[in-house]
Amino acid sequence: MLLRKTALVLALATAALLASTATATAAPAEPAPATAAPTTPFAAAAANPVIVVGGLSGVAVAYEPIAARLRADGYRTFIYQLPGLGLGDIPTSARAFASYVNQVRASTGAASVDVVAHSEGGLVSRYYLKRLGGTATVGRYVSLGTPQYGTYVANIVAFLGLGSCAGVVACQQMSIGSAFLADLNAGDDTPGAVRYTTIRTLQDELVRPTGNAAVNDGATNVLIQAYCPLRVVGHLGLVLDGTAYTIVRGALVDGPVRPNCLAL
């Protein structure tokens with residue numbers, strides 16, 4: 006019975022990410038050697054290394070498509086797979102992420118990094134920024150479909166009679182009204198000199214309501230369909246979609262929000 010409950014929680018919380026057949030490790034690997042310095046017009050204005058932060062059950066290989074786009078634009082790009090695939094305590098994952106940021110800075114010689122975070126990875130990164138002093142080492146924060154203020158998809162597990170997310174701690178913490186989110190969202194949503202951008206989509210099947218993927222206090226909050234009403238992008242699609250990537254690319258160079266609605 007416990008196995009069936011856990012399987013349902015993961016299906017609700019992770020959707021297509023579980024379809025990957027790659028072997029997951031318990032902790033992220035050491036940063037790979039940096040690629041060449043940015044050479045394109047887009048990357049030249051923002052030489053910080055970029056860390057792509059995965060989401061709940063998001064194995065590293067699932068983020069290779071967006072990492073490849075970043076590398077093609079000249080960025081030194083790294084992928085951070087959450088410890089234990091993000092099933093555990095989010096503050097604990099954030100402390101591990103803090104160590105990884107320091108590894109990337111040491112390996113590249115960069116004073117700061119930029120963060121592009123998907124789903125739960127955006128909460129891990131925000132906790133690092135707000136509670137662990139990360140504002141001193143991050144220049145730009147870009148989230149993709151992060152339940153900044155929680156999601157009813159997590160709450161619905163209790164409604165179905167499966168208890169508190171069947172014991173999955175991160176699911177409990179992403180429930181609307183959780184103690185974790187109350188703490189994270191107390192006070193300023195956007196501390197420090199970091200430039201904050203959130204990207205969301207109306208078709209996000211895992212972040213409901215979709216407005217909960219935005220933050221307050223001066224962030225640039227982008228709804229894809231406000232610019233491209235015919236663009237259909239799901240939760241996992243945010244790391245695959247060309248239009249979403251044009252928003253990410255603009256955010257990394259502090260540019261205006263000008264999505265390319267026809268981008269592949």
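Counting from 6, one number per residue, gives the positions in the sequence shown under our numbering.
Ideal placement from N, C-alpha and C gives every residue a C-beta, glycine not left out.
Quick caveat: nothing in here was measured; it's all calculated off a predicted structure.
Check: Between the C-alpha atoms of V147 and G172, what's the straight-line distance to the nearest angstrom?; Outcome: 29 Å
Check: For R145, which of helix, strand or coil comes out of DSSP?; Outcome: strand
Check: Mind listing, in chain order, the continuous alpha helix (DSSP H) runs of no fewer than 4 residues lying wholly within the segment 78 to 159?; Outcome: 95 to 113, 125 to 136
Check: Who are the Cβ neighbours of I252 in its own chain at under 6 Å, not counting the five residues just before and after it?; Outcome: I204, V227, P264
Check: Rounded to whole angstroms, what's the CA-CA distance from T151 to L61? Just pull it up for me.; Outcome: 11 Å
Check: Measure the alpha-carbon distance for V64 versus Q86 and round it to whole angstroms.; Outcome: 6 Å
Check: How big is the Cα-Cα spacing for G182 and V158?; Outcome: 13 Å
Check: According to DSSP, which residues form a beta bridge with L228?; Outcome: R205
Check: Less than 8 Å between C-beta atoms, sequence neighbours within five positions excluded: which residues of the same chain meet that for L269?; Outcome: G247
Check: Is it the case that the segment 126 to 141 contacts the segment 184 to 196, given that we only count it when at least three CB pairs across the two stretches are under 8 Å?; Outcome: yes
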